[in-house]
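A.B. asks: Dropping the structure in here first, questions after.
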Amino acid sequence: MKIATFNVNGVNGRLAVLLRWLEQARPDAVCLQELKTPQEKFPAAALEQAGYGAVWQGKKSWNGVAILARGADPVETRRGLPGDPDDAQSRYIEAAVGGVLIGCLYMPNGNPAPGPKFDYKLRWFERLTAHAAELMAAGIPAALVGDFNVMPTDLDVYKPERWVDDALFRPEVRAAFAGLTGQGWTDALRAAHPTERLYTFWDYFRNAWGRDAGLRIDHLLLSPAIAGRLTAAGVDREVRGWPKASDHAPAWIELSDVAAKRTTRARRTAVP
DNA sequence: ATGACTGATCTCATCAGA
Numbered sequence: 001m002k003i004a005t006f007n008v009n010g011v012n013g014r015l016a017v018l019l020r021w022l023e024q025a026r027p028d029a030v031c032l033q034e035l036k037t038p039q040e041k042f043p044a045a046a047l048e049q050a051g052y053g054a055v056w057q058g059k060k061s062w063n064g065v066a067i068l069a070r071g072a073d074p075v076e077t078r079r080g081l082p083g084d085p086d087d088a089q090s091r092y093i094e095a096a097v098g099g100v101l102i103g104c105l106y107m108p109n110g111n112p113a114p115g116p117k118f119d120y121k122l123r124w125f126e127r128l129t130a131h132a133a134e135l136m137a138a139g140i141p142a143a144l145v146g147d148f149n150v151m152p153t154d155l156d157v158y159k160p161e162r163w164v165d166d167a168l169f170r171p172e173v174r175a176a177f178a179g180l181t182g183q184g185w186t187d188a189l190r191a192a193h194p195t196e197r198l199y200t201f202w203d204y205f206r207n208a209w210g211r212d213a214g215l216r217i218d219h220l221l222l223s224p225a226i227a228g229r230l231t232a233a234g235v236d237r238e239v240r241g242w243p244k245a246s247d248h249a250p251a252w253i254e255l256s257d258v259a260a261k262r263t264t265r266a267r268r269t270a271v272p
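Spelled out as structure tokens, the structure:
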């Protein structure tokens with residue numbers, strides 16, 4: 001099972017890029033962020049045509065998240081994080097796809113920091129962490145996937161010293177990320193590539209893509225129930241170089257099939 | 001410290017993004 005995340009930066013303006021990538025990458029489940037579309041203008045028909053069922057939470061102009069499933073309809077389990085009924089920013093949607101509960105999230109940017117936007121980010125992070133603890137306690141196969149707007153370590157930033165006062169890299173935010181993964185979640189890209197510089201975002205400014213001045217801010221966190229099934233992880237970097245590209249590239253993981261694993265185990269047992 | 005670039009919007013200017 002292949003699970004991917006892609007901050008599309010406008011799902012309608014980016015539809016050609018998204019469809020091209022879906023056809024090439026053929027992920028089984030996809031988390032999208034920054035739809036930048038009202039609920040009724042989400043391109044559900046075009047995605048259906050491409051073979052994907054979808055659930056989504058839109059919002060005019062900003063934010064918005066969706067979960068796609070290849071040849072299936074995601075079974076929605078939640079939209080919006082618990083803890084603030086007045087929060088209308090469309091940053092979280094959750095659905096079951098292929099036996100995995102997938103939480104698709106778009107963490108607030110938080111700049112400028114300090115300030116009210118940064119405070120909102122930290123509060124949102126606390127709500128995510130509280131909800132993640134419930135999923136963890138339930139012991140279910142789960143993945144928290146999306147644009148976390150956090151570089152977890154120096155290895156995830158092209159020039160760490162330039163970012164220490166930024167809302168994506170301030171100590172409070174890195175500590176929040178460490179606290180979340182400390183519950184037992186596996187940062188899949190980093191687990192698969194422990195020492196490699198991997199980026200998922202390159203600013204439109206200053207020729208960041210051309211200079212490879214990137215950030216790793218899109219993450220796939222796996223619960224213990226599925227972390228052992230991780231077989232591969234990567235970033236589809238080339239997508240960032242396509243015409244009309246998003247400023248993010250898709251990131252993905254592969255999980256081994258549960259049934260295949262059972263077969264392997266049975267076969268091993270049978271061999272003397 | 002500023003602004004570069006991009007998409008969306010009740011567009012020809014502003015906001016938000018990261």
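Residue numbers (the UniProt record's numbering): 1 to 272.
No residue lacks a Cβ here, since even glycine has one placed at the ideal position from N, Cα and C.
Would you identify the three-state DSSP class for N7, choosing helix, strand or coil?
C.D. replies: Here residue 7 refers to the residue found at position 7 when the first sequence is read from its first residue. Looking at N7 - three-state DSSP - the assignment turns out to be strand.
A.B. asks: For N9, I'd like the list of residues in its chain whose CB is within less than 8 Å of its CB, leaving aside the five on either flank, ordered along the chain.
C.D. replies: Working through the first sequence from its first residue, we reach residue 9 at position 9. Contacts found: E34, K36, S246, D247, H248.
A.B. asks: Between which two residues does the alpha helix (DSSP H) containing L128 stretch?
C.D. replies: The residue you call residue 128 lines up with position 128 of the first sequence. Residues 116 to 138.
A.B. asks: Restricting to Cα atoms, I'd like to know which of I67, R170, G179, L221 is closest to A192.
C.D. replies: As a first step, residue 192 is located in the first sequence; it is residue number 192 there, counting from the start. Considering only alpha carbons, the answer is L221.
A.B. asks: Taking Cβ to Cβ, would you say V150 is nearer than 8 Å to F118?
C.D. replies: The residue you call residue 150 lines up with position 150 of the first sequence. The residue you call residue 118 lines up with position 118 of the first sequence. No, they are not a contact pair.
A.B. asks: Measure from the alpha carbon of N207 to the alpha carbon of each residue in V235, L19, G241, then state which is nearest.
C.D. replies: The residue given as residue 207 occupies position 207 in the first sequence. Out of V235, L19, G241, G241 has the C-alpha closest to the C-alpha of N207.
A.B. asks: Could I get the ranges of all uninterrupted beta strand (DSSP E) runs contained in the stretch 206 to 230, with 3 residues as the minimum, in chain order?
C.D. replies: The stretch 206 to 230 contains these whole beta strand (DSSP E) runs: 218 to 222.
A.B. asks: Could you please give the first and the last residue of the uninterrupted alpha helix (DSSP H) stretch that includes G179?
C.D. replies: Position 179 of the first sequence, counted from the first residue, corresponds to residue 179. From DSSP, the alpha helix (DSSP H) with G179 extends over 171 to 181.
A.B. asks: By Cβ distance below 7 Å, which residues in the same chain neighbour R237 in space, the five residues on each side in sequence not counted?
C.D. replies: Stepping through the first sequence from its first residue, residue 237 is reached at position 237. If we look at R237 and ignore the five residues flanking it on each side, its Cβ neighbours are A249.
A.B. asks: Does the stretch 68 to 83 come close enough to the stretch 142 to 162 that 3 or more CB-CB pairs lie under 8 Å?
C.D. replies: Contact fails: fewer than three Cβ-Cβ distances are below 8 Å.
A.B. asks: Answer with buried or exposed for residue 302, where buried requires no fewer than 16 other C-beta atoms within 10 angstroms of its C-beta.
C.D. replies: With the chain covering 1 to 272 only, the question about residue 302 has no answer from this structure.
A.B. asks: Considering only C-alpha positions, which residue in the set A138, G182, T153 is nearest to F169?
C.D. replies: Residue mapping note: residue 169 aligns to position 169 of the first sequence, counting from 1. Comparing Cα positions, the closest option is T153.
A.B. asks: Find out if the Cβ-Cβ distance for the pair T147, D257 is shorter than 8 Å.
C.D. replies: Against the first sequence, residue 147 aligns to sequence position 147. Against the first sequence, residue 257 aligns to sequence position 257. With the sequence shown as reference, residue 147 is identified as Asp, and Thr is not the correct amino acid for it. No, the pair does not count as a contact, with Cβ atoms beyond the cut-off.
A.B. asks: Would you please state the rounded distance, in angstroms, between the beta carbons of Y92 and G80? I believe it to be under 8 Å.
C.D. replies: Translated into positions along the first sequence, residue 92 becomes position 92. Translated into positions along the first sequence, residue 80 becomes position 80. With a Cβ gap of about 6 Å, Y92 and G80 count as contacting.
A.B. asks: Can you name the start and end residues of the alpha helix (DSSP H) that L15 belongs to?
C.D. replies: Position 15 of the first sequence, counted from the first residue, corresponds to residue 15. Taken as a continuous stretch (DSSP letters only), the alpha helix (DSSP H) holding L15 covers 15 to 25.
A.B. asks: Using DSSP bridges, identify the partner residues of R79.
C.D. replies: One-based indexing of the first sequence puts residue 79 at position 79. I93, per the DSSP bridge assignment.
A.B. asks: According to DSSP, which residues form a beta bridge with G103?
C.D. replies: As a first step, residue 103 is located in the first sequence; it is residue number 103 there, counting from the start. Answer is E94, L144.
A.B. asks: R267 to Q57, Cα distance in whole Å?
C.D. replies: One-based indexing of the first sequence puts residue 267 at position 267. One-based indexing of the first sequence puts residue 57 at position 57. Its pLDDT being 49, under 50, R267 is placed unreliably by the model, and the measurement read from it follows with that caveat. Distance between the alpha carbons of R267 and Q57 is about 44 Å.
A.B. asks: Take every Cβ of the stretch 44 to 58, pair it with every Cβ of the stretch 20 to 33, and state whether three or more of those distances are shorter than 8 Å.
C.D. replies: Contact between the stretch 44 to 58 and the stretch 20 to 33 is present, because at least three Cβ pairs lie under 8 Å.
A.B. asks: Considering only residues of the same chain and omitting the five flanking positions on each side of D166, which have a CB-CB separation below 8 Å?
C.D. replies: Position 166 of the first sequence, counted from the first residue, corresponds to residue 166. Answer for D166: N111, A113, listed in chain order.
A.B. asks: What is the rounded straight-line gap between the Cα of N7 and the Cα of I253?
C.D. replies: Within the first sequence, numbered from 1, the residue matching residue 7 stands at position 7. Within the first sequence, numbered from 1, the residue matching residue 253 stands at position 253. About 16 Å.
A.B. asks: Cβ atoms of T129 and G179: under 8 Å apart, would you say?
C.D. replies: As a first step, residue 179 must be located in the first sequence, where it is residue number 179. As a first step, residue 129 must be located in the first sequence, where it is residue number 129. Yes, they are a contact pair.
A.B. asks: Assign D203 to one of three DSSP states: helix, strand, or coil.
C.D. replies: As a working mapping, residue 203 is identified with position 203 in the first sequence. If DSSP states are grouped into helix, strand and coil, D203 belongs with coil.
A.B. asks: Across which residues does DSSP place Q39 in a beta bridge pair?
C.D. replies: Position 39 of the first sequence, counted from the start, is the residue given in the question as residue 39. In DSSP, Q39 forms no bridge with anything.
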